[in-house]
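Undergrad: For the sequence shown, my numbering gives the first residue as 160, with consecutive numbering after it. Got a structure here, written out as structure tokens. Questions coming.
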Amino acid sequence: QRSRWALLGAAALITSALQAGTTPPATAAPPVTIRVPLVAEAGQVPPAVVAGGHAGDTYKVVRVGGARVLRGTLSPLKARKADAWASFGLADLSSLGAGTYVVKADGKTSRQFTVADAAYADVLASLLGIFDANADGDEPSTYHAPSHLNDATSTIRNGPHAGDTIDVAGGWMDAGDQLKFTTTIGYASVMLELAARNEPSMADELTSTSDVGIRWLVKAHPRAGVFASMVGEAEVDHNTGWRDPALDDESDDPGLAHRTTAVFTATSGGSDAAGTVAAALAYAAGRSAGAERTSLLAQSTDWLAEAETLDAPWKNCCYPGETYQDDLALAEAALWRVTGEESYATQALADLQDVTGNGEYGWLITASGYEMAAIAAGELCGVLGAPAAPEAVSAPACDILDAGGRAAIDRVRRQTAFGRAGDNVWGSVRESEAGALTAVLADRAGLAGAGPAALRGLGWFLGVNPWGRRWEVGVPGGTRNPHHWIRGLGTVGQPVGAVPGGPTTVAQYADSPWIDRHPGRYDTKLQYYADDVDDYIANEIGLQYNAPAVLHFALISSG
């Protein structure tokens with residue numbers, strides 16, 4: 160839960176550590192290992208990686224309980240520092256239809272994997288588990304009774320309105336903690352709204368899920384000059400361990416029983432978070448009518464005006480950003496979509512050009528929540544399930560999206576032979592899903608090479624990674640021990656489909672006084688992962704990790 164820039168700084172630290180020889184050595188290279196997408200949809204099957212295999216070797220695909228269905232030759236892949244093996248080969252599985260299979264190469268056999276006609280709709284449905292688990296207030300949850308009802312009379316703790324009361328009950332708790340953040344609720348709501356547009360067969364479920372966030376965002380701006388940013392205090396929440404959220408209201412700790420609320424001020428900044436909220440409310444208005452539509456649009460424009468007034472990203476404990484014009488562009492693109500006012504589209508393009516150097520800063524064109532330029536550009540370009548803006552706006556917006564697609568292609572090619580589409584940082588699964596999502600949008604815009612890159616990134620999420628892990632909780636081959644307060648509720652199960660932060664750098668662990676990590680079989684000097692419930696760096700689950708995957712799978716689903 161750190162800004163992308165801070166995490167890239169951590170990557171620089173690890174480079175220095177490697178040069179100084181201070182990083183603990185990795186284990187010896189593992190033997191030949193075959194990694195496959197553990198589930199895939201017919202027509203969109205990511206390739207398998209034979210780690211330790213060599214280009215030119217043969218592989219075959221065998222139907223479980225049946226005969227060989229495919230024989231091929233491994234394509235070359237270049238080893239990277241983040242990989243534990245010296246050689247790799249890529250096995251094309253694109254021709255496979257529905258069935259359950261294994262891949263065989265060099266005397267080794269992969270895990271079984273399933274190809275089905277509507278598999279990605281099933282993945283999308285599973286991804287909603289975190290929203291069920293983390294529902295707060297009176298919003299229904301399978302996992303706990305009504306929680307934090309005292310948030311209805313929360314006290315504002317900062318700014319000119321300090322001491323006033325605000326109703327911030329409801330919404331979603333953030334992650335493995337029970338804080339609530341405007342920025343992550345806004346981000347998740349945007350992705351759910353756009354997912355509903357792009358996957359009609361699940362539109363009702365997706366919008367009803369988004370409604371939990373939208374209802375809370377409306378509460379977060381109850382009157383002029385008041386825009387909530389965060390409910391609860393990080394030092395209090397993080398010092399209380401695993402607990403049942405339904406019991407906080409009766410806690411002896413006043414910081415839990417009567418949680419205070421921080422609001423955006425000129426000192427705190429918050430243009431990035433406020434812009435994302437404005438977009439979420441505009442998209443909700445687009446599926447509403449009458450007085451509700453009018454009210455949501457008024458709220459949206461209020462948040463956009465606040466974002467413009469603050470004129471700085473949010474300074475905070477957990478989600479500090481570095482840019483905000485991308486979030487303004489997202490809000491303006493959403494308002495153009497809903498109102499049809501071309502001035503919004505024109506301003507959205509201007510903000511996109513400003514923040515991305517007119518596409519020169521391709522690494523900023525993604526959809527991670529920290530950066531949202533890919534979504535704003537995709538909306539204007541017309542590749543998010545609705546028509547493009549007028550050509551004077553759409554053409555340069557598509558060019559900016561292409562620049563983001565090229566950056567995603569570069570990440571897939573240079574970081575690891577397994578095709579991760581995002582940087583190796585805290586929250587690498589979110590970053591990879593945001594990169595793969597950007598590649599999908601760029602492919603829709605016609606960028607050569609974006610489709611194969613998106614498929615490789617998809618494969619990394621579904622099991623084609625060093626650990627053979629599908630980055631979801633409670634699914635076959637998925638995360639088994641998520642870091643989450645649900646652990647404190649006993650045997651209530653797990654939020655199936657919740658996404659963990661995932662593997663990250665040695666430097667992140669070196670900075671932590673609470674986690675002592677040593678290289679595992681598939682770890683390297685650059686990248687660690689262990690399925691450990693106490694590992695809040697790699698195994699915490701939360702809204703911000705699920706959000707890009709929700710839109711990604713809605714875009715590629717044939718459900």
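The beta carbon of each residue, even a glycine, is placed where N, CA and C say it ideally should be.
Do Gly622 and Arg270 have their C-beta atoms closer together than 9 Å?
TA: Walking along the sequence shown from the start, residue 622 turns up at place 463. Walking along the sequence shown from the start, residue 270 turns up at place 111. It is a contact, given that the beta carbons lie within the stated cut-off.
Undergrad: Can you list, in chain order, the stretches of the alpha helix (DSSP H) that have 4 or more residues and sit fully within the stretch 407–473?
TA: For the stretch 407–473, whole alpha helix (DSSP H) runs of length 4 or above, ordered along the chain, are 413–416, 430–445, 449–469.
Undergrad: Just confirm the distance between the C-beta atoms of Leu710 and Met350, as a whole number of angstroms; I'd bet it's less than 8 Å.
TA: Sequence index remark: in the sequence shown, residue 710 carries index 551 (1-based). Sequence index remark: in the sequence shown, residue 350 carries index 191 (1-based). Between Met350 and Leu710 the Cβ distance is about 4 Å, and since that is below 8 Å, they are a contact.
Undergrad: Take the Cβ of Arg227 as the centre, count every other Cβ of all protein chains shown within 10 Å, and call the residue buried at 16 or more, exposed below.
TA: Counting from one through the sequence shown, the residue named residue 227 turns up at place 68. Looking at its Cβ environment, which holds fewer than 16 other Cβ atoms inside 10 Å, Arg227 is exposed.
Undergrad: Any contact between the stretch 465–474 and the stretch 504–520? By contact I mean 3 or more CB pairs, one from each, below 8 Å.
TA: Contact fails: fewer than three Cβ-Cβ distances are below 8 Å.
Undergrad: Which two residues bound the contiguous beta strand (DSSP E) that contains Pro235?
TA: Within the sequence shown, the letter at position 76 stands for residue 235. It spans 234–236 - the beta strand (DSSP E) in which Pro235 sits, taken as one unbroken run.
Undergrad: Taking Cβ to Cβ, would you say Leu406 is nearer than 9 Å to Leu287?
TA: The sequence position of residue 406 within the sequence shown is 247, counting from 1. The sequence position of residue 287 within the sequence shown is 128, counting from 1. Result no, Cβ atoms of Leu406 and Leu287 do not sit closer than 9 Å.
Undergrad: Roughly how many angstroms lie between the CA atoms of Ala566 and Ala284, to the nearest whole one?
TA: Within the sequence shown, residue 566 is the residue found at index 407, counting from 1. Within the sequence shown, residue 284 is the residue found at index 125, counting from 1. So the two alpha carbons sit approximately 29 Å from each other.
Undergrad: In angstroms, rounded to a whole number, what distance separates the CA positions of Gly616 and Leu455?
TA: Taking the first residue of the sequence shown as position 1, residue 616 is located at position 457. Taking the first residue of the sequence shown as position 1, residue 455 is located at position 296. So the alpha carbons of these two residues sit roughly 36 Å apart.
Undergrad: When you measure from the CB of Leu606 to every non-hydrogen atom of the ligand GDP, does any distance come out below 8 Å?
TA: The model depicted lacks the ligand GDP and carries no ligand whatsoever.
Undergrad: Pair every Cβ in the stretch 310–319 with every Cβ in the stretch 407–420, then say whether three or more of these pairs are closer than 8 Å.
TA: Yes: at least three Cβ pairs fall under 8 Å.
Undergrad: Check for me: the beta strand (DSSP E) holding Ile524 runs from which residue to which?
TA: Along the sequence shown, read from residue 1 onward, the residue named residue 524 stands at position 365. Where Ile524 is concerned, there is no enclosing beta strand (DSSP E), given that its DSSP letter is neither H nor E.
Undergrad: For Ser671, is the classification buried or exposed, using 16 other Cβ atoms within 10 angstroms of its Cβ as the cut-off for buried?
TA: On the sequence shown, residue 671 is found 512 positions in, with the first residue counted as 1. It is exposed - the Cβ of Ser671 has fewer than 16 other Cβ atoms within 10 Å.
Undergrad: Checking 9 Å against the spacing of the C-beta atoms, do Tyr260 and Val220 come in under that value?
TA: Taking the sequence shown and counting its residues from 1, one reaches residue 260 at position 101. Taking the sequence shown and counting its residues from 1, one reaches residue 220 at position 61. A contact, by the Cβ cut-off of 9 Å.
Undergrad: What is the DSSP secondary structure of Leu365, reduced to helix, strand or coil?
TA: Translated into positions along the sequence shown, residue 365 becomes position 206. Helix.
Undergrad: Where in the stretch 236–309 do unbroken runs of the beta strand (DSSP E), each at least 3 residues long, occur, reported from the N-terminal end onward?
TA: List check, beta strand (DSSP E) in window: 247–250, 258–264, 272–275.
Undergrad: Only counting the same chain, and skipping five residues up and downstream in sequence, which positions put a Cβ closer than 6 Å to that of Trp673?
TA: Mapped onto the sequence shown, residue 673 falls at position 514. Correct list: empty, nothing qualifies.
Undergrad: Using CA coordinates, which residue listed in Asp675, Glu451, Gly627 is at the minimum distance from Val195?
TA: On the sequence shown, position 36 is the one that residue 195 refers to. Looking at the Cα atoms, Gly627 is the closest of the given residues.
Undergrad: Short of 6 Å in beta carbon distance, which residues of its chain neighbour Gln653, apart from the five on each side in sequence? Order them along the chain.
TA: Residue mapping note: residue 653 aligns to position 494 of the sequence shown, counting from 1. Once the five neighbours on either side are set aside, the close Cβ partners of Gln653 are Val632, Gly633.
Undergrad: Sort Ala278, Ala245, Cys477, Ala441 by Cα distance to Ile715 and report the nearest one.
TA: On the sequence shown, position 556 is the one that residue 715 refers to. Closest by alpha carbon: Ala278.
Undergrad: Sort Tyr688, Asp251, Ala443, Asn357 by Cα distance to Gln203 and report the nearest one.
TA: Looking up residue 203 in the sequence shown gives position 44. Checked all of Tyr688, Asp251, Ala443, Asn357; the closest Cα to Gln203 is Asp251.
Undergrad: Is the beta carbon of Ser234 less than 9 Å from the beta carbon of Gly248?
TA: For the purposes of this step, residue 234 is taken as the residue at position 75 of the sequence shown. For the purposes of this step, residue 248 is taken as the residue at position 89 of the sequence shown. Going by C-beta atoms, Ser234 is nearer than 9 Å to Gly248.
Undergrad: When you compare the CB positions of Ala466 and Tyr478, do they come within less than 9 Å of one another, or not?
TA: Along the sequence shown, one-based indexing puts residue 466 at 307. Along the sequence shown, one-based indexing puts residue 478 at 319. Their beta carbons are not under 9 Å apart, which means Ala466 does not touch Tyr478 by this criterion.
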